[in-house]
Amino acid sequence: MIITSTSNPQVKELLQLRKKAKARDAQDVFLVEGLKMFQEAPRERVRKVYVAESLYEQRGQALLAGLEPVILEDRVFAAVSDTRTPQGILCVVDQYHYVLEDLLGSEAPFLLILEDLQDPGNVGTILRTAEGAGADGIILSRKSVDLYNPKTIRSTMGSIYRMPFLYVDRPAEILPLLKERGVRTCAAHLEGARFYDEEDYRTGCAFFIGNEGNGLSGELSRAADVRIRIPMYGKLESLNAAVAASILMYEVCRQRR
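Mapping of the sequence shown onto numbering that gives the first Met the number 0: position 94 corresponds to residue 93, and the numbering continues sequentially without gaps.
See below:
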């Protein structure tokens, strides 16, 4: 059976899951789209797979072995897709639920703490880079963008499946717990007394990354054990949040190699 109408209840449900965080949370799922994201998705977490008719005809047997996909007419698939050039496959995946201990499992925890970041691409890129740099987890303030936003999911390039993360109401509230575990907190700040590469990150560490427009709040800046800065030349005042986070994370990676 092929779904040929955008009025089909399953299609309407997919549109709700794509557009609304409340719908995703109510069902405890998120959507992933594209061949790479589908192929990397843990099979035990995949609830349902939707495939465009043309892709199913071309590669269905090899691509979907052991699965029972729902086939959508190409026009219908395009209507539920969140991309301009759909790859023809998307799936509904169970959400992840972590606790702080999941992020503190190593002897020298390496964390990112994101305060009110709003850009899905920034957060997704930070998650992806965190995996590459060997970070243990990401902590986000509740006002940060939804990690399950389809744009954020695409930016993670599959790291959403592997990088632990946790939302908290106020990051400052968990700092005493981090201190108990030997995690030194570092605020990326224009008024940092030392350059980022002058600190030692071989023990537990966590970097604060602030909102794209306003930077870190005064509360979180003051709570940090140390303020660090990235050298700036020309007339620049700051870097993109994901770029700054990447520089800091790979300094940790360099020191720990």
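Glycine is no exception: its CB is placed at the ideal position from the N, C-alpha and C atoms.
Between the stretch 170-185 and the stretch 73-80 there are fewer than three C-beta pairs closer than 8 Å, too few to call the two in contact. By the C-beta density criterion, ASN121 is buried, having at least 16 other C-beta atoms within 10 angstroms. The beta carbons of ARG221 and ASP145 sit no closer together than 9 Å.
The continuous beta strand (DSSP E) containing THR184 extends over residues 183-187. Scanning ALA187, ALA205, LEU71, ARG183 for the CA closest to the CA of VAL242 turns up ALA187. Within the DSSP bridge table, the entry for ALA51 names LEU71 as partners. Assignment of beta strand (DSSP E) within the stretch 155-221, counting only whole runs of 3 or more residues, yields 164-167, 183-187, 204-208 in chain order. Looking at the DSSP output, LEU113 shares a beta bridge with LEU139, ILE208. Within 10 angstroms of the beta-carbon of TYR232 lie fewer than 16 other beta-carbons, which makes it exposed. Note that the stretch 200-213 does not touch the stretch 90-99; fewer than 3 beta-carbon pairs, one per stretch, sit closer than 8 Å. SER6 counts as exposed, since fewer than 16 other C-beta atoms from the protein chains shown sit within 10 angstroms of its C-beta. ARG226 is bridged by DSSP to ALA186. Beta bridge pairing from DSSP links CYS90 with VAL31, VAL48.
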